[in-house]
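Protein chains in written order, with the working numbering: chain D, 1 to 313; chain F, 1001 to 1495. Note that beta-carbon positions come from the ideal geometry of N, C-alpha and C, so glycine has one too. Note that this is a predicted model, so its numbers are computed, not measured. The structure appears right after this line, and notes come after that.
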Ligand SMILES: NC(=O)c1ccc[n+]([C@@H]2O[C@H](COP(=O)([O-])OP(=O)(O)OC[C@H]3O[C@@H](n4cnc5c(N)ncnc54)[C@H](OP(=O)(O)O)[C@@H]3O)[C@@H](O)[C@H]2O)c1
C-alpha cells in the first residue's frame, strides 16, 4: 500500500488499515489498539529494513507506539506506506496491534520530510527519536528531526568519530534535550554486577586503590570511556586504567585492587560472567544484549537520567 | 559494612536483596516446589540475589544437601513459568542450598538449625513457614527457645507466614500472641499473595495515579461493587484440607476482603508501607458487622454436587465450596453501597474481577429501541485474572439513522499493552520481605478486622445444617446468591 506523501492521506490509510484489521476473520475477538508514544526511527539506507521491522515487532509488545520509520534511498522519490504490527498475547482471544508508517525519501528530499512528520505524531504522547547507525552524527537532514523529539537515542559505537559523537550528545544535553546512547545502555549489565559487589559489602569503596578495565576491539571506544568515567566518579580516590585486548569487542573484565584485596569480574562465556572476591566466586548471567533489549530499556526511561547525565557531562 | 554504594543506579538496576539466609520450613512441600523455589531461582537469574544468599530447607524427610538440591533442581525446571532455565546459573545458585532434616515437634531441631545458621554466617535470616498451619505456633516457640528469633544489631530475623492466620478471630489472636512473644510486629510478614499480584497493585495506580476516577469513587456515583473469584476446578486432591476451611475462610476472609480494601480505601498521604496499610486497615475496620438476624439475608453458602464424594471429604460435609456475601462499609464515602463478594469452586470459569457499577444517567433522554432499558449503567471492570486489565462499559450510538444506543466496551489489557514479563506474586513478595517493605503484607490489625467481619457468618453457619449440595458443577452457584442481589434490585455479572 503506497501513498504519495500527504499526511492526511497517510492518516486515512491508517484508519482503513484498522478497519480492515477489525474485520479480519482471524480476529473474532476484535483488535485492540495500543499506543504509548510516537517512535521515530531514522534508519540507515540499505538492507536494514528487515532488522528494523524485527526490532520494532518486539518493542511494540512493551512499548506500543506509532512507529514512523524514515529511510533514505538514493534515486527514489518520497514514498510512504502504512503497516500494522499485531500479536496475539498468549492465552488471550484479542489481538493487539500497533501501527507504523514507513517513509522512504531520496537524500535531498529527506530534509523536507520534517513537515510531513509533524501532523503524523500522536498528540499528547511523548516522541522518541531513535537514530539508528552512524549517519545521525553527520547528516543535517537527521539533525533537523532533533527538535521534534522529547528524547533522542543514539549509538555512539556506530559513529566513525567517537569524540565528535560525544561532543554532539553533550551539546544537545547542554541545550536541555534528553539524550541516550545505546553504548551506555550496553554497559548496564556490567555496571549492575559491579555495583552489587558494593551492595554486598564485599568491597569498601574507600579501600579501592586502582581499577583495571579490559576491553576488546580497538580504538578509543566510548564504551570504555563511559565506564572509566563512571568508575572514577564512584571512586574518586582510585586510579582507573584501561587495557585493550584484541579479542571480541566489549568489556572483558574489571579488576579492583585495594590493600591485599582483589576483586574481579570476568567474562567466562557468551552469556555469563564470573565474579571473584577473596576465595569466593560466583557466576551470574550476562547474555549478549540485543538491540531490542537496549531499546526496551531506553524507552522505559522517558524522564531525567541523572547517572548518565553525570557521565556524559 | 554500612557504606552507601557509590554505584547505585535505581533507574536501571532492580532492587536487590541484602545478604541473608532464607530458612524454609516445609521445604519438601508443594508450595516450596511450585512457588518459592522457582521464584528464588528466578530472582537469582535476574541478578537480584547477592552471591552469598543461602537457603536452608527443613522437613521431616531425611535428605542430604545434594539430594535436596537435586529435588529442587527438578522442581524448578518443572514449575518455572515463562522464563528460561540455565544450568550454569542453577549450579551457582544451588551451591548455596542446604538442608537440615528434623521433626518440628523436636526442640533439638531448632538448636541444629541455629548451629547451621552460625556456620552459614549470613547477617540476616528470613524464616518462611510453609508447613501446615497447625505447626506455626510450634515453630515460633522453637525458634524462641533456641534463641534464634531475635534481631540483633546488624542482622534482622524476620518471619513470613502463609495464610491461614488462624481459623477464626479467637485463634488468630492466640497465634498472634504466640508469634509476638518471639517476633515484634515489624518483623512479621503475613503473606497474602493476592496483594502481590501486579493487577491488585495496579488498582492503586489506577485509582490514585489518575485524576478522573477518584471524584466518582463514592456513594454518589457508585451504585454497587461486585467482587468475584471463581475457579472451574474442584478441590483437586486437597479435600481433607479444604473441608476444614471452606470458601469463606479460604478466599473471602483474606484475599477478597484485602482486594475490597484496596478498592475502597482512602488514599494515603504517602506511598509508604505503614501509611498504605493504615488505610487498608481502616477500611477493614469500617466494614459493618452483621447482626445475627442479618446473616441469612447477607450471606449464602453453597456446595457443589459431588464435593462429598471427593477423596478425604466427609459424606455429610457442611463445608461451603461457594460463598457469597454482602458487605457494607460504614463511612461517609461508602454508606449504603453494597459490596457483593463471592467465591466458589467448580464454577463455569476461572476468573477474578471487580466490577464497579455506576448509577444510571439520571434522566432517560433516549428511548429504548431494543426493548432493553433506555440507558444502562456504566461499568468499570478491574480484571485480576486470567487477563489482567481494565474495561469501561459505556453507551454509544449505533451507526445508522435514528438514535439507537448500545453498550460498548473500552479495554485496556495490562499484560499485553505492556508485554514485559510481570514478576510472579511470590517474587515480588519475597524481595519485599527481604528488603523490609511490608506494603503488600497484611498486618495483625487487618487480619483481626477481617475475621471480625466474617465471624457472625461463621457463627451462624456453625449452628445450622445446610441442605447441600445446592449447586451444579459448572454453574454460577446456588439460586440464593442471585436472590440476595435481587432483593436490592441487582444482578450478578456472569460473564
Ligand atoms: N500449595 C499451595 O499452593 C499453597 C498456596 C497458598 C498457601 N499455602 C499454604 O502453605 C503451607 C504449606 O502448604 P503445602 O501445600 O506446601 O503443604 P504440603 O505439600 O503438605 O507440605 C508440608 C511440608 O511440611 C513438612 N512437615 C509436615 N509435618 C512436619 C513435621 N512434623 N516436621 C517437619 N516438617 C513437617 C512436610 O515435610 P515432609 O514432606 O518431609 O513430611 C512438607 O515439606 C500451608 O500453610 C498452606 O496453607 C499453600
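Asked, Found
"Check your reading: residues with Cβ closer than 5 angstroms to ligand 1 heavy atoms", "F:1026, F:1028, F:1029, F:1030, F:1031, F:1059, F:1060, F:1061, F:1103, F:1104, F:1130, F:1131, F:1133, F:1162"
"Nearest neighbour of residue 1088 of chain F, chosen from D:286, D:291, D:160, D:303 [CA to CA]", "D:286"
"Any chain F beta carbon closer than 8 angstroms to residue 310 of chain D", "no"
"Coil, strand or helix - residue 1154 of chain F by DSSP", "coil"
"Buried versus exposed call for residue 1107 of chain F [16 or more other C-beta atoms within 10 Å across all chains shown]", "exposed"
"Counted within 10 angstroms of its Cβ, other Cβ atoms place residue 1477 of chain F as buried (16 or more) or exposed", "buried"
"Member of D:209, D:190, D:99, D:207 whose CA lies at the smallest distance from the CA of residue 37 of chain D", "D:99"
"Cβ shell of residue 43 of chain D (< 8 angstroms), same chain only, five flanking positions each side left out", "49, 52, 69, 70, 71, 132, 133"
"Residue 1098 of chain F: first and last residue of the uninterrupted beta strand (DSSP E) it sits in", "1097 to 1099"
"Cβ pair count under 8 angstroms reaching 3, the region 1047 to 1066 of chain F against the region 1145 to 1154 of chain F", "no"
"Within 8 angstroms, strictly: CB atoms of residue 239 of chain D and residue 252 of chain D", "no"
"In DSSP terms, what residue 275 of chain D is bridged to", "D:265, D:282"
"Assigned secondary structure, residue 3 of chain D (DSSP; H/G/I helix, E/B strand, else coil)", "Note on residue 3 of chain D: pLDDT 42, under 50, position unreliable in the model; the coordinate value appears next. Here residue 3 of chain D sits in strand by DSSP."
"First through last residue of the beta strand (DSSP E) which encompasses residue 215 of chain D", "210 to 216"
"Sheet register partners of residue 1530 of chain F (DSSP bridge)", "The first residue shown for chain F is 1001 and the last is 1495, placing residue 1530 of chain F beyond what the model contains."
"Close-in-space but distant-in-sequence residues of the same chain around residue 1 of chain D (CB under 7 angstroms, 5 per side omitted)", "Unreliable placement is indicated for residue 1 of chain D, whose pLDDT of 37 sits below 50; no coordinate value is reported for it."
"Opening and closing residue of the alpha helix (DSSP H) in which residue 1149 of chain F lies", "Run containing residue 1149 of chain F: none; DSSP gives neither H nor E here."
"Sub-8 angstroms separation of residue 263 of chain D and residue 203 of chain D beta-carbons", "yes"
"Interface flag, residue 282 of chain D vs chain F, CB-CB below 8 angstroms", "yes"
"Inter-residue Cα distance where the pair is residue 1442 of chain F and residue 1277 of chain F", "7 angstroms"
"Residue-level contact to chain F via CB, residue 211 of chain D, 8 angstroms cutoff", "no"
"Outcome for residue 260 of chain D when other beta-carbon atoms lying within 10 angstroms are tallied against a minimum of 16", "exposed"
"Coil, strand or helix - residue 1001 of chain F by DSSP", "Confidence is the limiting factor: at residue 1001 of chain F the pLDDT is only 42, short of 50, which leaves the residue's position unreliable and the question unanswerable from this model."
"Below-8 angstroms beta-carbon distance, residue 1086 of chain F vs any chain D residue", "yes"
"Bounding residues of the alpha helix (DSSP H) (the contiguous stretch that carries residue 1073 of chain F)", "1065 to 1079"
"Below-8 angstroms beta-carbon distance, residue 1001 of chain F vs any chain D residue", "Confidence at residue 1001 of chain F is low in this model, with a pLDDT of 42, below 50, so the placement of that residue is unreliable and no value is reported for it."
"Which listed residue (D:125, D:146, D:138, D:137) has its alpha carbon closest to that of residue 113 of chain D", "D:146"
"Residues in the region 1006 to 1036 of chain F having any Cβ partner in chain D nearer than 7 angstroms", "1006, 1007, 1008, 1009, 1011, 1012, 1013, 1016, 1019"
"Distance between residue 178 of chain D and residue 172 of chain D (C-alpha atoms, nearest Å)", "8 angstroms"
"Contacts of residue 188 of chain D in chain F (Cβ-Cβ under 9 angstroms)", "1009, 1012, 1013"
"Other residues of its chain near residue 161 of chain D: CB distance less than 8 angstroms, five sequence neighbours each side excluded", "137"
"8 angstroms Cβ cutoff, residue 1089 of chain F in contact with chain D", "yes"
"Straight-line Cα distance separating residue 1308 of chain F from residue 1258 of chain F", "30 angstroms"
"Rounded straight-line distance, which links the Cα of residue 1194 of chain F to that of residue 1264 of chain F", "16 angstroms"
"Residues near residue 1069 of chain F in its chain [Cβ-Cβ closer than 7 angstroms; skip 5 each side]", "1094, 1097"
"Proximal chain D residues relative to residue 1047 of chain F, where beta-carbon distance stays under 9 angstroms", "189, 192, 193, 196, 284, 285, 286"
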